[in-house]
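Working notes for the structure below.
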Amino acid sequence: KAGVTQTPRYLIKTRGQQVTLSCSPISGHRSVSWYQQTPGQGLQFLFEYFSETQRNKGNFPGRFSGRQFSNSRSEMNVSTLELGDSALYLCASSPQISSGNTIYFGEGSWLTVV
Amino acid sequence: GESVGLHLPTLSVQEGDNSIINCAYSNSASDYFIWYKQESGKGPQFIIDIRSNMDKRQGQRVTVLLNKTVKHLSLQIAATQPGDSAVYFCAEILSNDYKLSFGAGTTVTVRA
């Protein structure tokens, strides 16, 4: 069974540009969530989607957005990139976010903003 | 807000010894906890989980203990191996919040 797949794995963008990251969850998983990992802030929750609906959003500016498609695949977008957006962006999938449902992570997308 | 925290940022262990990684949480509403291992350049890897109605759960070479009275979680690794060197995170799931809240992580280094 394939794991959580994230693309691209590495990318470099310039300040002011926008970026789209993609995530394919484990087959059968309907919950997809996104996290930002930086050395200073650790792992921070961005948002969670289930059946194309965003159920929760973390404390990030509106430049960060996401969506989920009918096949459970998800994308996140960051517009007007800032240097501080440089981070590892992690996607996680689960059948459902609830007690006992393991949440699995992908390898992440490394974003560098210059 | 409340968050999960780890007691020590680093832990150095002799190969073959047992490791104990600690985590304190403050949200009594949390009903599910997961330990993850993250190696350099990789995403967090699931190690073991435990529900709040349990006190102990064992896996292969790992045991998680949950003490709800003092809101403490620990991960025990038996016979630590060089491949166990990584950053370990505890995470809690907040009921109906649909998200994981992570602690800061403990970096485990295994000495040969």
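Chains as they are written, first to last, in my numbering: chain A, 2 to 115; chain B, -13 to 98.
In this text, a Cβ means the ideal position worked out from N, Cα and C, and glycines have one as well.
Next on the checklist: Between the alpha carbons of residue 30 of chain B and residue 64 of chain A, how many angstroms are there, rounded?
Outcome noted: 25 Å
Checklist entry - How far does the beta strand (DSSP E) with residue 104 of chain A in it reach, from first residue to last? => result Careful: residue 104 of chain A lies outside any beta strand (DSSP E) and carries neither H nor E.
Item to check | Minimum Cβ-Cβ distance from residue 2 of chain B to chain A less than 8 Å | outcome: no
Checklist entry - Is there a Cβ from chain B that is less than 8 Å from the Cβ of residue 13 of chain A? => result no
Checklist entry - Taking a cut of 9 Å between CB atoms, which residues from the stretch 50 to 78 of chain B lie near chain A? => result 75, 77
Checklist entry - Any chance the stretch 94 to 110 of chain A sits against the stretch 22 to 38 of chain B, with 3 or more Cβ pairs inside 8 Å? => result yes
Checklist entry - For residue 70 of chain A, which of A:35, A:8, A:83, A:31 has the nearest alpha-carbon? => result A:31
Next on the checklist: Which residue marks the beginning of the beta strand (DSSP E) containing residue 36 of chain A, and which one marks its end?
Outcome noted: 32 to 39
Next on the checklist: Which residues does DSSP list as the beta-bridge partners of residue 78 of chain B?
Outcome noted: B:19, B:87
Checklist entry - What's the call for residue 72 of chain B, buried or exposed, on a 16-neighbour Cβ count within 10 Å? => result buried
Next on the checklist: Going by C-alpha to C-alpha distance, which of B:94, B:96, B:87 sits closest to residue 38 of chain A?
Outcome noted: B:87
Item to check | Within-8 Å CB hit, residue 45 of chain B to chain A | outcome: no
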